[in-house]
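Asks:
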Amino acid sequence: MRPSDLAAGTALCALGLYTLFVVLPAQTSATGGIGLAPRDLPALAVLVVVGLSALLVVRTLLARLPLRASLWPASWHETLTMFVGFALAFAGVLAFQFAGFVLGGAVLIVSLMLFMGERNWLRLLLTPTIVVGGMYLFVTRLLHLTVP
Amino acid sequence: MEAVLAGFSAALTPSNVAFVALGVLLGYVVGVLPGFNRPTALALAVPLTFYMGPVSGIAFLIGISKGSATGGAVSAILLNTPGEASSAATCLDGYPLARKGRARSALLIALIASVCGDIFATFVLIALAQPLSRVALLIGPVEICAVLLFALTFIASLSGASLLKGLISGFLGILLGTVGLDAETGTPRFTFGQAELFDGLPLMVIAIGLLALSEMVVQMEERAKYHAQQSTALAAASDRLRMDEIKACMPVILRSSLLGTLLGVIPGLGASVASFVAYSWARSTSSTPERFGQGALEGVAAAEAADNAVVPAGLIPLFALGIPGGIAAALIIGAFTIHGITPGPLMFLNHAHVLNAIYASMLLASVLMFAFGYFGSGVFARLAQLPLSVIVATVVFLCIVGAYIEGGTMFGVYLVLGFAVLGWLLRKFDFSYVTFLIGFVLTPTLELSLRQALILTDRNPYALLRHPIALAILAVTFLAAWRMANRRRDVTGLATS
Numbered sequence: 004m005r006p007s008d009l010a011a012g013t014a015l016c017a018l019g020l021y022t023l024f025v026v027l028p029a030q031t032s033a034t035g036g037i038g039l040a041p042r043d044l045p046a047l048a049v050l051v052v053v054g055l056s057a058l059l060v061v062r063t064l065l066a067r068l069p070l071r072a073s074l075w076p077a078s079w080h081e082t083l084t085m086f087v088g089f090a091l092a093f094a095g096v097l098a099f100q101f102a103g104f105v106l107g108g109a110v111l112i113v114s115l116m117l118f119m120g121e122r123n124w125l126r127l128l129l130t131p132t133i134v135v136g137g138m139y140l141f142v143t144r145l146l147h148l149t150v151p
Numbered sequence: 231m232e233a234v235l236a237g238f239s240a241a242l243t244p245s246n247v248a249f250v251a252l253g254v255l256l257g258y259v260v261g262v263l264p265g266f267n268r269p270t271a272l273a274l275a276v277p278l279t280f281y282m283g284p285v286s287g288i289a290f291l292i293g294i295s296k297g298s299a300t301g302g303a304v305s306a307i308l309l310n311t312p313g314e315a316s317s318a319a320t321c322l323d324g325y326p327l328a329r330k331g332r333a334r335s336a337l338l339i340a341l342i343a344s345v346c347g348d349i350f351a352t353f354v355l356i357a358l359a360q361p362l363s364r365v366a367l368l369i370g371p372v373e374i375c376a377v378l379l380f381a382l383t384f385i386a387s388l389s390g391a392s393l394l395k396g397l398i399s400g401f402l403g404i405l406l407g408t409v410g411l412d413a414e415t416g417t418p419r420f421t422f423g424q425a426e427l428f429d430g431l432p433l434m435v436i437a438i439g440l441l442a443l444s445e446m447v448v449q450m451e452e453r454a455k456y457h458a459q460q461s462t463a464l465a466a467a468s469d470r471l472r473m474d475e476i477k478a479c480m481p482v483i484l485r486s487s488l489l490g491t492l493l494g495v496i497p498g499l500g501a502s503v504a505s506f507v508a509y510s511w512a513r514s515t516s517s518t519p520e521r522f523g524q525g526a527l528e529g530v531a532a533a534e535a536a537d538n539a540v541v542p543a544g545l546i547p548l549f550a551l552g553i554p555g556g557i558a559a560a561l562i563i564g565a566f567t568i569h570g571i572t573p574g575p576l577m578f579l580n581h582a583h584v585l586n587a588i589y590a591s592m593l594l595a596s597v598l599m600f601a602f603g604y605f606g607s608g609v610f611a612r613l614a615q616l617p618l619s620v621i622v623a624t625v626v627f628l629c630i631v632g633a634y635i636e637g638g639t640m641f642g643v644y645l646v647l648g649f650a651v652l653g654w655l656l657r658k659f660d661f662s663y664v665t666f667l668i669g670f671v672l673t674p675t676l677e678l679s680l681r682q683a684l685i686l687t688d689r690n691p692y693a694l695l696r697h698p699i700a701l702a703i704l705a706v707t708f709l710a711a712w713r714m715a716n717r718r719r720d721v722t723g724l725a726t727s
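What follows is the structure, given as structure tokens:
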């Protein structure tokens, strides 16, 4: 048992209950089907998730873990890197979609390399050129796919 | 046997060998590239077979199938990004091995297991296509449902330190496996009005986000630590796969090849299910299950042997009955049709010489697969020695391109980002993403077969008596669940004491 299990169990329980009472009725049909109704299996899965998450919360509480222990499982540095990493990836995807495959891809690769501490200008130049150029030719010439 | 030898003389013509080699090489490249999957490659290649002879054309397509199954392991091991959806199980131990500086060993054991699984299933195809296809006809929805329920019991053994968290992950996977149009009524479930979700969440997109992209973010966090490991990996350039390690993997390879062949014969199950079930089986029967997930060669061998055995085994119902066992087999029918051959029982009488030449070409493809894989693994292993910044940036870009190719829209790319966040959370909160993936992979087929089984048995449990195979599998399922529960109790007891 870890203190973060309490946070995970509570969040999953709350999310499960929201799915059960709000999302499931709106997004599935309770009728129809000869063997199983479309809602049966998802409802069963959500019920089990809610039940097991509640059990996880109870077991963590019963384990009497230190009150001052952190409920968040990652350090401040890890969390910050995660946010920056995903923000860069998201910005890269936006660039990929709106600035195009070649420019967006190059921006994504170079920004991630710089974030990782790469300062060798030759690598910063060659990596996007080879990777983006190679993939662009592959996707457009061989697969004949339309790219952004 | 004489007929097969005669087939070799027809198959070993320079042009046929060249087409088989080209097919295997193309398949290998397709397998290495995430997002560009086997059915897409086959769909693009089928029209090309119009310009080839029947043997060359079909052998070319089978070469692509076999090559892609082998190549999928390369990116799974080196980048934690499955080249093919069925290679997702290979990531679980392949990537940890690469991080320990044993990329080349992992690639080699994957190759050996792939070739063994492939050759085993090809011999089964040659020798037992007709009798096995009759067995396949005995396997209906009730039996498939029983097999999948059995596979679900593996969630318990793959849960890691906490059974409770493993089960939660597994059921979350099951929940997400229900997204899309309901197979029976056609009503949408959890699609939120998005037409892109009507076919469900693609396994490839989930695997890329959950395994590869989230891992790259973790790598960014641990960049200092990774740099230290990178130097270890460079120092371990002398990494060699030892003979005793290969010997230790052989029982797992043989078992997984058999399992992959049996599951491959059953239409609709597919290589992803086979590789995950084989991996789970290998772990649950291992005397050191704690090594799995940390870099066990047996884990890579099990997943790859089963994955590759499915390719020839999937052709058994096609050759013997004319029933395609999966998308790949369905596309290969196109090549048969182009050359005026109808797959099915009559093919053994009317086109025996073509069939024997195809068998011979399949064995030739296995040999070529080993040759390309052996030399390729040396080249690809060097990729692991590139600087971390180059690897992470390239993999993130390939993840995005792979997700785009998979669906042809940006929707898949945003899904990948979402699943990368989920993967990061699962890692940090110590929830098993293996059980999540198993639950997700099994759900669509499980739900469909459960529905069909309920209709067939009219919800009457006594009707199961008419399905002795299903009853036997269910009995094994209960036994396995009981044994796993007992083992868990022992482990928990030991841990407490």
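Heads up: the protein sequence lines correspond to chains A and B, in order.
Going by the working numbering, the first residue of the first sequence is number 4, and it counts up by one from there.
Going by the working numbering, the first residue of the second sequence is number 231, and it counts up by one from there.
Even glycine gets a Cβ: it sits at the ideal position worked out from N, Cα and C.
#1: If we ignore side chains and look at the alpha-carbon of each, how far apart do Ala458 (chain B) and Leu327 (chain B) end up?
#2: Counting only the same chain and skipping the five closest in sequence on each side, list residues whose C-beta sits under 7 Å from that of Met446 (chain B).
#3: Counting only beta-carbon atoms, is Arg681 (chain B) nearer than 7 Å to chain A?
#4: What are the uninterrupted segments assigned as alpha helix (DSSP H) that are 4 or more residues long and contained completely in the stretch 403 to 458 of chain B, given in chain order?
#5: Within 10 Å of its beta-carbon, does Phe401 (chain B) have 16 or more other beta-carbons around it, so buried, or fewer, so exposed?
#6: With a cut-off of 8 Å, do at least 3 Cβ pairs link the stretch 39 to 55 of chain A to the stretch 19 to 27 of chain A?
#7: Does any residue of chain A have a CB that is nearer than 7 Å to the CB of Met640 (chain B)?
#8: Comparing C-alpha positions only, which one of B:Pro691, B:Ile571, B:Pro312 sits nearest to Gly632 (chain B)?
#9: Assuming contact is defined by CB atoms lying nearer than 7 Å, are Ala504 (chain B) and Gly490 (chain B) in contact in what I supplied?
#10: Check for me: the alpha helix (DSSP H) holding Gln682 (chain B) runs from which residue to which?
#11: Counting only C-beta atoms, is Ser461 (chain B) closer than 7 Å to chain A at any point?
#12: Please classify His697 (chain B): does DSSP put it in a helix, a strand, or coil?
#13: Determine the extent of the alpha helix (DSSP H) in which Asp469 (chain B) is found, giving its start and end residues.
#14: Mind checking whether Ala33 (chain A) and Ala40 (chain A) have CB atoms under 7 Å apart?
#15: Can you round the beta-carbon distance between Leu379 (chain B) and Thr665 (chain B) to whole angstroms, since I take them to be within the 8 Å contact cut?
#16: Helix or strand or just coil, what does DSSP make of Gly642 (chain B)?
#17: Please list the partners that Val684 (chain B) has in chain A, where partner means a Cβ-to-Cβ separation under 9 Å.
#18: Report the residues of the stretch 401 to 415 of chain B with a CB closer than 7 Å to any CB of chain A, ordered along the chain.
#19: Could you give the distance in angstroms between the alpha-carbon of Leu440 (chain B) and the alpha-carbon of Tyr325 (chain B)?
#20: Quick one, which of B:Leu291, B:Asp469, B:Val620 has its alpha-carbon nearest Val2 (chain A)'s?
#21: Hey, could you find the ends of the alpha helix (DSSP H) Leu39 (chain A) is sitting in?
#22: According to DSSP, is Val49 (chain A) helix, strand or coil?
#23: Consult DSSP for Pro6 (chain A) and reduce its assignment to one of helix, strand or coil.
#24: Can you look up Cys132 (chain A) in the DSSP assignment and give me helix, strand or coil?
#25: Are the beta-carbon atoms belonging to Lys296 (chain B) and Gly525 (chain B) less than 7 Å from one another?
#26: Give me, in chain order, the residues of the same chain whose beta-carbon lies closer than 7 Å to that of Ala565 (chain B); leave out the 5 immediate sequence neighbours on both sides.
#27: Check the Cβ-Cβ distances between Leu464 (chain B) and every residue of chain A, and say whether any is below 7 Å.
#28: Please go through the stretch 252 to 289 of chain B and give each complete alpha helix (DSSP H) segment of 4 or more residues, from N-terminal end onward.
#29: Tell me which residues share the same chain as Ala376 (chain B) and place their Cβ nearer than 6 Å to its Cβ, disregarding the 5 neighbours each side in the sequence.
#30: Please report the distance separating the alpha-carbon of Gly723 (chain B) from that of Leu709 (chain B).
#31: Looking at Asn586 (chain B): is its Cβ nearer than 7 Å to the Cβ of Gly347 (chain B)?
#32: Thinking C-beta only, is Phe659 (chain B) closer than 7 Å to Ala76 (chain A)?
#33: Below 8 Å, can you find three or more Cβ-Cβ pairs linking the stretch 544 to 563 of chain B to the stretch 300 to 314 of chain B?
#34: Does the Cβ of Lys395 (chain B) have 16 or more other Cβ atoms within 10 Å, making it buried, or fewer, making it exposed?
#35: Alpha carbon to alpha carbon, how far is Leu471 (chain B) from Arg334 (chain B)?
#36: Looking only at C-alpha atoms, which of B:Ala683, B:Gly416, B:Leu527, B:Leu499 sits nearest to Asp474 (chain B)?
Replies: So, from the listed chains and residues:
#1: Low local confidence applies: a pLDDT of 43 at Ala458 (chain B) is under 50, so the model's placement there is unreliable, with the coordinate-based value given in what follows. When rounded, the separation of the alpha-carbon atoms in Ala458 (chain B) and Leu327 (chain B) is 16 Å.
#2: Hits under 7 Å: Val622, Val625, Val626.
#3: A Cβ of chain A is located within less than 7 Å of the beta carbon of Arg681 (chain B).
#4: List check, alpha helix (DSSP H) in window: 433 to 437, 444 to 451.
#5: A residue is called buried once 16 or more other Cβ atoms fall within 10 Å of its Cβ, and Phe401 (chain B) is buried on that count.
#6: The answer is yes - the stretch 19 to 27 of chain A touches the stretch 39 to 55 of chain A, with three or more Cβ pairs under 8 Å.
#7: Yes, because at least one Cβ of chain A sits closer than 7 Å to the Cβ of Met640 (chain B).
#8: Shortest Cα-Cα distance from Gly632 (chain B) to any of B:Pro691, B:Ile571, B:Pro312 involves B:Pro312.
#9: Yes, these two residues count as a Cβ contact at 7 Å.
#10: That run of the alpha helix (DSSP H) goes 663 to 687.
#11: The predicted position of Ser461 (chain B) is uncertain, since its pLDDT is 45 and thus under 50; no value can be drawn from it.
#12: In this structure, His697 (chain B) counts as coil in the three-state DSSP scheme.
#13: Element bounds for Asp469 (chain B): n/a, residue is neither H nor E.
#14: Less than 7 Å separates the beta-carbon of Ala33 (chain A) from that of Ala40 (chain A).
#15: Contact doesn't hold; Cβ gap of about 15 Å is too wide.
#16: Helix, per DSSP.
#17: Here residue 684 (chain B) is Leu; the residue named in the question, Val, does not match the sequence. Identification of chain A residues near Leu684 (chain B) by a Cβ-Cβ cut-off of 9 Å yields Ile37, Gly38, Leu39, ordered along the chain.
#18: Within the stretch 401 to 415 of chain B, Phe401, Leu402, Ile404, Leu405, Thr408, Asp412, Glu414, Thr415 place their CB atoms closer than 7 Å to a CB of chain A, listed in sequence order.
#19: When only Cα atoms are considered, Leu440 (chain B) and Tyr325 (chain B) end up about 14 Å apart.
#20: Nothing can be reported for residue 2 (chain A): it is not among the residues displayed for chain A, which extend from 4 to 151.
#21: No alpha helix (DSSP H) holds Leu39 (chain A); DSSP gives it neither H nor E.
#22: DSSP places Val49 (chain A) in helix when its eight states are reduced to three.
#23: Here Pro6 (chain A) carries a helix assignment [DSSP, helix/strand/coil].
#24: The question names Cys, but residue 132 (chain A) in the sequence shown is Thr. If DSSP states are grouped into helix, strand and coil, Thr132 (chain A) belongs with the helices.
#25: In this structure, Gly525 (chain B) does not lie closer than 7 Å to Lys296 (chain B) by Cβ.
#26: The beta carbon of Ala565 (chain B) sits closer than 7 Å to the beta carbons of Val276, Thr279, Gly287, Ile288, Leu291 from its chain, once the five residues preceding and following it are set aside; these are given in chain order.
#27: Interpretation of Leu464 (chain B) is limited by its pLDDT of 35, a score under 50 that renders its predicted location unreliable; no figure is taken from the coordinates.
#28: Counting only runs that start and end inside the stretch 252 to 289 of chain B, the alpha helix (DSSP H) elements of at least 4 residues fall at 268 to 275.
#29: These residues qualify, in order along the chain: Ala700, Ile703, Leu704.
#30: Legend: pLDDT at Gly723 (chain B) = 49, less than 50; position of this residue unreliable, value from coordinates given subsequently. Roughly 21 Å separates the two Cα atoms.
#31: Contact flag unset, no.
#32: Looking at the sequence provided, one finds Pro at residue 76 (chain A) rather than Ala. For Pro76 (chain A) and Phe659 (chain B), yes; Cβs fall inside 7 Å.
#33: No, the stretch 544 to 563 of chain B is not in contact with the stretch 300 to 314 of chain B.
#34: Buried is the call here.
#35: In this model, Leu471 (chain B) and Arg334 (chain B) are separated by some 8 Å (Cα to Cα).
#36: Residue B:Leu527 is the option with its Cα nearest to Asp474 (chain B).
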